[in-house]
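To keep things clear, I will list the structure first and then write my remarks on it.
Number of protein chains: 2
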Amino acid sequence: MASNDTGVRTTTLSDVARLAGVSLATASKAMNGRTDVAPATRRRVLEAAEDLAFTPNAMARGLLAGRTGTVGLLTSDLDGRFMLPILMGAEDAFGAGQVNVFLCDARGDAIREQHHLRALLSRRVDGIIVVGRQTDPRPSLGQDIPVPVVYAYAPSDDDRDLSLTPDNRAGGRLAVEHLLACGRTRIAHISGDPTYAAARERLDGARSALADAGLEFVGEPLSGDWSEHWGRDAAATLLGRHPEIDAVFAASDQIARGVIDTARDLGRSVPDDLAVIGYDNWELLATNSRPELTSIDANLQQLGRRAAQRVFEAIDGAEMGEGVRHLPVRLVIRGSTVPRR
Amino acid sequence: MASNDTGVRTTTLSDVARLAGVSLATASKAMNGRTDVAPATRRRVLEAAEDLAFTPNAMARGLLAGRTGTVGLLTSDLDGRFMLPILMGAEDAFGAGQVNVFLCDARGDAIREQHHLRALLSRRVDGIIVVGRQTDPRPSLGQDIPVPVVYAYAPSDDDRDLSLTPDNRAGGRLAVEHLLACGRTRIAHISGDPTYAAARERLDGARSALADAGLEFVGEPLSGDWSEHWGRDAAATLLGRHPEIDAVFAASDQIARGVIDTARDLGRSVPDDLAVIGYDNWELLATNSRPELTSIDANLQQLGRRAAQRVFEAIDGAEMGEGVRHLPVRLVIRGSTVPRR
DNA sequence: CTGTTAGCGCGTTCAG
DNA sequence: CTGAACGCGCTAACAG
Numbered sequence: 001m002a003s004n005d006t007g008v009r010t011t012t013l014s015d016v017a018r019l020a021g022v023s024l025a026t027a028s029k030a031m032n033g034r035t036d037v038a039p040a041t042r043r044r045v046l047e048a049a050e051d052l053a054f055t056p057n058a059m060a061r062g063l064l065a066g067r068t069g070t071v072g073l074l075t076s077d078l079d080g081r082f083m084l085p086i087l088m089g090a091e092d093a094f095g096a097g098q099v100n101v102f103l104c105d106a107r108g109d110a111i112r113e114q115h116h117l118r119a120l121l122s123r124r125v126d127g128i129i130v131v132g133r134q135t136d137p138r139p140s141l142g143q144d145i146p147v148p149v150v151y152a153y154a155p156s157d158d159d160r161d162l163s164l165t166p167d168n169r170a171g172g173r174l175a176v177e178h179l180l181a182c183g184r185t186r187i188a189h190i191s192g193d194p195t196y197a198a199a200r201e202r203l204d205g206a207r208s209a210l211a212d213a214g215l216e217f218v219g220e221p222l223s224g225d226w227s228e229h230w231g232r233d234a235a236a237t238l239l240g241r242h243p244e245i246d247a248v249f250a251a252s253d254q255i256a257r258g259v260i261d262t263a264r265d266l267g268r269s270v271p272d273d274l275a276v277i278g279y280d281n282w283e284l285l286a287t288n289s290r291p292e293l294t295s296i297d298a299n300l301q302q303l304g305r306r307a308a309q310r311v312f313e314a315i316d317g318a319e320m321g322e323g324v325r326h327l328p329v330r331l332v333i334r335g336s337t338v339p340r341r
Numbered sequence: 001m002a003s004n005d006t007g008v009r010t011t012t013l014s015d016v017a018r019l020a021g022v023s024l025a026t027a028s029k030a031m032n033g034r035t036d037v038a039p040a041t042r043r044r045v046l047e048a049a050e051d052l053a054f055t056p057n058a059m060a061r062g063l064l065a066g067r068t069g070t071v072g073l074l075t076s077d078l079d080g081r082f083m084l085p086i087l088m089g090a091e092d093a094f095g096a097g098q099v100n101v102f103l104c105d106a107r108g109d110a111i112r113e114q115h116h117l118r119a120l121l122s123r124r125v126d127g128i129i130v131v132g133r134q135t136d137p138r139p140s141l142g143q144d145i146p147v148p149v150v151y152a153y154a155p156s157d158d159d160r161d162l163s164l165t166p167d168n169r170a171g172g173r174l175a176v177e178h179l180l181a182c183g184r185t186r187i188a189h190i191s192g193d194p195t196y197a198a199a200r201e202r203l204d205g206a207r208s209a210l211a212d213a214g215l216e217f218v219g220e221p222l223s224g225d226w227s228e229h230w231g232r233d234a235a236a237t238l239l240g241r242h243p244e245i246d247a248v249f250a251a252s253d254q255i256a257r258g259v260i261d262t263a264r265d266l267g268r269s270v271p272d273d274l275a276v277i278g279y280d281n282w283e284l285l286a287t288n289s290r291p292e293l294t295s296i297d298a299n300l301q302q303l304g305r306r307a308a309q310r311v312f313e314a315i316d317g318a319e320m321g322e323g324v325r326h327l328p329v330r331l332v333i334r335g336s337t338v339p340r341r
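Order-wise, the sequence lines are chains A and B. In terms of the UniProt record's numbering, the first sequence opens at residue 1 and continues consecutively. In terms of the UniProt record's numbering, the second sequence opens at residue 1 and continues consecutively.
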């Protein structure tokens with residue numbers, strides 16, 4: 001059942017017209033809610049359409065209209081923690097209307113990406129959102145793409161493109177300002193993989209917030225990877241070397257959980273003895289740790305939605321703008337920095 | 001730049017034909033690698049196409065062919081832990097060929113799902129994969145869909161549909177058999193949310209494996225939710241009540257991590273004193289715990305790939321089959337059940 | 001080997 | 001208010 005080529009041609013508008021006893025053109029008008037059709041005629045047509053389970057052929061329509069009502073989502077690797085919310089935000093913004101989303105996963109491979117790009121253009125998508133897995137700049141798709149393109153999360157390396165990316169500097173700053181506001185002054189930083197722009201930017205922002213308060217990090221910030229293991233090891237080193245530390249800014253929630261673990265092992269209570277703040281607000285990690293983890297949220301879903309809106313507007317003829325826009329992040333306070341009853 | 005309606009009509013095949021100095025039909029044949037074209041002519045056409053950056057219009061093509069080379073992926077909620085691998089598997093299987101994927105997220109809302117379904121049919125997708133977020137049966141889309149439909153993860157409640165879902169019973173059995181093989185005999189179970197079929201099925205499988213060995217669970221299996229918090233609380237209760245327990249089968253990796261945490265707090269060493277096995281093989285959790293977590297992997301990516309292949313075959317005219325297929329799961333052994341050096 | 005012709009399903013003029 | 005005719009971009013028959 002439900003096989004494609006059982007010869008049961010899908011019903012077309014002319015089938016509907018015939019059943020309703022009108023011409024093809026009249027049926028079209030009736031279906032599309034045009035005014036110049038007699039109410040009775042319209043009713044007959046709509047009934048016929050209902051009876052035949054008529055579904056308009058979007059392709060035939062697109063052929064005429066020059067628009068398909070589809071958008072391409074080109075991701076570099078679905079398996080990221082950051083793809084999903086962005087994807088959801090975009091799907092959300094589009095899904096509400098009449099737009100459908102083509103999902104293409106390039107698996108981090110430039111060849112595949114090129115392949116997918118051609119496929120998308122061949123399907124005449126009205127616009128494209130390119131989602132990268134890091135905030136490091138990525139190669140531009142080029143300027144000769146016949147539809148609007150927006151880069152999300154990973155900015156394009158070409159300033160003529162429009163890119164939307166979270167403001168990691170503001171995030172780093174926000175984290176440190178929160179620790180300062182909690183009365184902490186002997187703050188250390190455990191960073192992630194230093195080859196990531198995100199790691200460097202968060203550190204940057206944090207440093208400038210400290211400087212504004214006339215302070216510096218206790219000890220040199222430690223770089224490693226983004227894992228819980230690293231968080232545990234780094235925290236052990238750091239707390240051994242500088243027991244006076246009263247707060248740690250971890251560059252990711254995973255690292256932060258490792259820090260909390262080690263703190264418990266060393267008999268230091270969080271947050272009284274040691275405040276810990278993470279980054280990403282990954283709920284799974286943040287809400288399951290003891291105590292729950294204060295973190296910086298990059299508003300990725302909103303970022304996805306914004307990207308979609310930009311594409312929308314550009315499709316409607318608006319100029320799309322260019323350059324890298326750094327979108328605001330927000331602080332989510334939980335028990336790892338502020339004691340809870 | 002890159003605006004849609006700057007009047008710069010995308011180049012069509014007849015543009016190519018004109019530049020190459022041949023007829024439309026000849027250009028078409030040349031582009032599609034048909035044999036009955038002179039090599040020199042073909043070269044001219046291909047060059048012209050290259051020069052004009054010609055991209056064939058897949059819609060116009062589809063209109064003729066009756067096939068679009070697109071497939072719909074209808075998910076009930078993207079935000080699940082299980083969606084992503086399935087989605088990746090499917091995208092993988094399709095992406096290799098000429099097929100593109102429409103992603104639709106119904107956000108758990110039946111109305112939205114209906115809406116998306118209509119959109120997909122309107123776009124004349126060649127097939128549909130329905131991905132649910134739990135292994136509990138979900139409402140069928142019905143039998144009168146003009147294209148092949150496969151249900152992945154969440155099976156359809158109509159036996160005439162084809163559903164692919166992981167074999168939770170086999171998983172539960174596998175978990176317990178592994179614990180038995182490790183020499184454990186005083187095994188307890190901490191389950192998740194009992195309203196989930198997955199929770200009940202895993203318990204079922206585990207029980208029958210125990211029965212085969214002439215054993216029973218120590219204490220009544222405890223039900224709660226799927227969280228780390230619950231795992232911690234349940235483990236405390238269980239170990240307090242039955243200190244003789246030498247192994248715990250946790251119904252999810254999150255629960256298992258909670259169990260390991262509590263074990264540490266109570267001074268019981270894992271795995272020597274207490275073996276712990278989880279479920280789902282969520283790498284993030286499994287590889288970051290101390291010790292790393294043995295778990296059951298449901299092979300979701302492969303499940304997604306299989307679903308895609310089924311749809312493929314059905315598009316090519318094969319009968320699609322029906323009923324619920326339970327796909328095999330596998331055991332991933334790590335340090336929480338087997339001591340590591 | 002190449003060109004001409006006829007649609008695929010639909011929306012949109014423009015006469016009736 | 002309704003219908004006939006044209007064309008969106010392309011491929012599949014047929015002629016030449």
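For each residue, glycine too, the CB sits at the ideal point set by N, CA and C.
Subject >> Residue-chain proximity (B/Thr10, chain A), Cβ-Cβ < 7 Å >> reply: For B/Thr10, the answer is yes, since a Cβ of chain A falls inside 7 Å of its Cβ.
Original post:
Which partner residues of B/Asp105 appear in the DSSP bridge assignment?
Top reply: As computed with DSSP, B/Asp105 is found in a beta bridge with B/Thr75.
Subject >> Cutoff 7 Å: B/Glu228 Cβ touching any chain A Cβ >> reply: It does: the Cβ of B/Glu228 has a partner Cβ on chain A nearer than 7 Å.
Original post:
Roughly how far, in whole angstroms, is the beta-carbon of B/Ile255 from the beta-carbon of B/Gly240, given that I think they are within contact range, below 8 Å?
Top reply: With a Cβ gap of about 17 Å, B/Ile255 and B/Gly240 do not count as contacting.
**OP:** Go to A/Thr41, then tell me how far its alpha helix (DSSP H) extends in each direction, as first and last residue.
**Re:** 39-51 is the extent of the alpha helix (DSSP H) around A/Thr41.
**OP:** Taking only the alpha-carbon atoms, compute the straight-line gap between residue 342 of chain B and B/Leu141 and give it to the nearest angstrom.
**Re:** Absent from the structure is residue 342 of chain B, since the part of chain B shown begins at 1 and ends at 341.
Original post:
With a cut-off of 7 Å, does the C-beta of A/Met31 fall near any C-beta of chain B?
Top reply: Output row for A/Met31: interface = no.
Subject >> Min CB distance B/Phe54 to chain A below 7 Å >> reply: With 7 Å as the cut-off, B/Phe54 does not count as an interface residue toward chain A.
Original post:
Using a Cβ-Cβ distance under 7 Å, would B/Arg325 count as near chain A?
Top reply: B/Arg325 does not count as touching chain A.
Subject >> Cα-Cα separation, B/Asp126 to B/Ala154 >> reply: When the Cα atoms are used, B/Asp126 and B/Ala154 turn out to be separated by approximately 21 Å.
**OP:** Return helix, strand or coil for B/Ser28, following the three-state DSSP convention.
**Re:** Of the three classes helix, strand and coil, the one that applies to B/Ser28 here is helix, per DSSP.
Subject >> Rounded Cβ spacing between A/Arg123 and A/Phe102 (contact assumed at less than 8 Å) >> reply: For a cut-off of 8 Å, the C-beta gap from A/Arg123 to A/Phe102 is around 7 Å, short enough to register as a contact.
**OP:** Report yes if the C-beta distance between A/Ala308 and A/Leu164 is below 7 Å; otherwise report no.
**Re:** No. Outside cutoff.
Original post:
Straight-line CA distance for A/Pro339 to A/Val149?
Top reply: Cα-Cα distance, rounded: 46 Å.
Original post:
What residues from chain A crowd round B/Glu50, counting only those whose CB sits closer than 9 Å?
Top reply: Listed by position along chain A, the residues whose Cβ is nearer than 9 Å to that of B/Glu50 form an empty set, because the closest Cβ is around 13 Å away.
Original post:
Counting contacts by CB-CB distance shorter than 7 Å, is B/Ser295 in contact with chain A?
Top reply: Against chain A, the CB of B/Ser295 has no partner CB under 7 Å away; the residue lies outside that interface.
**OP:** Would you please verify whether the beta carbon of A/Pro146 is less than 7 Å from any beta carbon of chain B?
**Re:** Yes, because at least one Cβ of chain B sits closer than 7 Å to the Cβ of A/Pro146.
Original post:
Just curious, the beta strand (DSSP E) that A/Thr294 is in, first and last residue?
Top reply: A/Thr294 -> no beta strand (DSSP E), and no H or E assigned at all.
**OP:** Would you mind telling me which residues of chain B sit closer than 8 Å to A/Glu91, beta carbon to beta carbon, in chain order?
**Re:** When 8 Å is used as the limit between beta carbons, A/Glu91 is near these residues of chain B: Leu78, Leu103, Cys104, Asp105, in chain order.
Subject >> Same chain only: Cβ atoms within 8 Å of A/Arg234, ignoring 5 sequence neighbours per side >> reply: The sequence given here has Ala at residue 234 of chain A, not Arg. Cβ-Cβ distances below 8 Å link A/Ala234 to Ile190, Leu222, Gly224, Ile255, Gly258, Val259 in the same chain, with the five nearest sequence neighbours on each side left out; the list follows chain order.
Subject >> Min CB distance A/Arg44 to chain B below 7 Å >> reply: Look at A/Arg44: its C-beta is not under 7 Å from any C-beta on chain B.
Original post:
Along the stretch 166-199 of chain A, what residues have a CB closer than 9 Å to any CB found in chain B?
Top reply: The stretch 166-199 of chain A vs chain B, Cβ under 9 Å: nothing.
Subject >> Inter-residue spacing [alpha-carbon to alpha-carbon] between A/Leu274 and A/Ser295 >> reply: Whole-angstrom Cα-Cα distance: 15 Å.
**OP:** For my contact list, B/Leu73 and B/Val131 are in at a C-beta cut-off of 8 Å; report their separation, rounded to the angstrom.
**Re:** Contact flag correct, Cβ pair sits at about 7 Å.
Subject >> Neighbourhood of B/Glu228 by C-beta, 8 Å cutoff - its chain only, sequence neighbours within 5 removed >> reply: Excluding residues up to 5 positions away in sequence, Gln254, Ile255, Arg257, Gly258, Asp261 lie with their Cβ nearer than 8 Å to the Cβ of B/Glu228 in the same chain.
Original post:
Sorry if obvious, but does the Cβ on A/Gln114 come closer than 6 Å to a heavy atom of the ligand MN?
Top reply: Ligands in the displayed structure: none, and consequently the ligand MN is not present.
Original post:
Quick one: what does DSSP say A/Ser163 is sitting in, helix, strand or coil?
Top reply: Collapsing the DSSP output to three states places A/Ser163 in a strand.
Original post:
For chain A, is any of its Cβ atoms less than 7 Å away from the one on B/Leu24?
Top reply: Under the Cβ criterion of 7 Å, B/Leu24 is not counted among the residues facing chain A.
Original post:
What does B/Gly127 pair with, by DSSP beta-bridge criteria?
Top reply: DSSP, once it has assigned bridges, lists B/Val71 as partnering B/Gly127.
Original post:
Closest to A/Ala316 by CA distance: which of A/Glu201, A/Gly66, A/Asn288 is it?
Top reply: Before going on, a small fix: residue 316 of chain A reads as Asp here, not Ala. Ranked by Cα distance from A/Asp316, the first of A/Glu201, A/Gly66, A/Asn288 is A/Gly66.
Original post:
So, is the C-beta of A/Asn281 closer than 7 Å to a C-beta in chain B?
Top reply: Not an interface residue.
Subject >> Cβ contact check for the stretch 208-223 of chain B and the stretch 169-180 of chain B: 3 or more pairs under 8 Å >> reply: A contact between stretches requires three or more CB pairs, one per stretch, nearer than 8 Å, and the stretch 208-223 of chain B meets this requirement with the stretch 169-180 of chain B.
**OP:** Tell me whether A/Ser269 sits in a helix, a strand or coil according to DSSP, three-state version.
**Re:** Secondary structure at A/Ser269: coil, using DSSP grouped into helix, strand and coil.
Original post:
Would you report the Cα separation of B/Ser336 and A/Ile277, rounded to the nearest angstrom?
Top reply: In a straight line, the C-alpha of B/Ser336 is about 29 Å away from that of A/Ile277.
Original post:
Would the beta-carbon of A/Glu244 fall within 7 Å of that of A/Arg186?
Top reply: The answer is yes: Cβ separation under 7 Å.
Subject >> Secondary structure of A/Ile111, DSSP reduced to three states >> reply: Taken through DSSP and simplified to helix, strand or coil, A/Ile111 comes out as helix.
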